[in-house]
Amino acid sequence: GDSVTQMEGPVTLSEEAFLTINCTYTATGYPSLFWYVQYPGEGLQLLLKATKADDKGSNKGFEATYRKETTSFHLEKGSVQVSDSAVYFCALSDIYGGSQGNLIFGKGTKLSVKP
Amino acid sequence: DTEVTQTPKHLVMGMTNKKSLKCEQHMGHRAMYWYKQKAKKPPELMFVYSYEKLSINESVPSRFSPECPNSSLLNLHLHALQPEDSALYLCASSQGRGIANEQFFGPGTRLTVL
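If you're matching them up, the sequences are chains A and B in order.
For what it's worth, the numbering used here labels the leading residue of the first sequence as 22, then goes sequentially.
For what it's worth, the numbering used here labels the leading residue of the second sequence as 3, then goes sequentially.
Right under this line is the structure:
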């Protein structure tokens, strides 16, 4: 079945450092890919998405490119802020592979940014 | 209005209590979801409603009973829960069940079962 693997962390960075959170996927069909963020004590918010190969999703300085050849959707940000401290979930949605259009989540990566 | 609201924010209940969680959205979305999230874990799908009909039940125990009274509302009725059911319960909605449709999540209800 479909699955998502992401680096589990925790990841600790200083303010203004470069961020990469790796995410790779296994899917039967042609999935859509998402990054969700969960701030402490809150629900999940969609950060960005990409629906086909080579699409780049971007929002709030974060970017991720849908790479079909490497089955990856790595999250990057050039300069993190303390306010970016949160848990980041990579997810896919596929009509095949047992997921039936539902979200399949990675295990989440906790990011802590120090001033 | 691009918000999913959930009430209550926190709930403490005994194992013999009956309570309900409520979720509401006014985005015209036709799919609504219940998830359970334990600490330091991703959300686990419990139920999916599509056009007010239960579409998927991910083998959830019968002590959890969902209800979708109309396209804007989703309830989760709780009865005879166990302490291991303590978790954050998240509601989400999406325009449809298509794979490109992102899900919008509510803030969750933090449930503690004593």
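A virtual CB, placed ideally from N, CA and C, is assigned to each residue, including glycine.
Source: prediction; values computed, not measured.
Following the DSSP letters along the chain, one finds SER22(B) inside the beta strand (DSSP E) bounded by residues 20–27. Of all residues in the region 79–110 of chain A, only PHE110 come within less than 7 Å of chain B when Cβ atoms are compared, listed by chain position. Counted as a single uninterrupted DSSP element, the beta strand (DSSP E) harbouring GLN8(B) occupies residues 6–9. Flagged as an interface residue toward chain B: ILE116(A), by a C-beta distance shorter than 8 Å. Looking at the DSSP output, GLN59(A) sits in a beta bridge with LEU65(A) and VAL108(A). Rounded to whole angstroms, the Cβ separation of THR91(A) and THR47(A) is 12 Å, and the two are not in contact under 8 Å.
Excluding its 5 nearest sequence neighbours in each direction, ALA38(A) has C-beta neighbours in its own chain below 7 Å: VAL101, listed in chain order. Counting the other CB atoms within 10 Å of its CB gives ASN72(B) a total below 16, which places it among the exposed residues. Distance between ASP105(A) and PHE66(B), taken at the CA atoms: about 35 Å. Think of a sphere of 7 Å around the beta carbon of PHE126(A): the chain B residues whose beta carbon falls inside it are PRO44 and PRO45, in chain order. Contact of LEU132(A) with chain B by beta-carbon distance below 9 Å is absent, the smallest such distance being about 14 Å. Under the three-state reduction of DSSP, GLU84(A) is assigned to strand.
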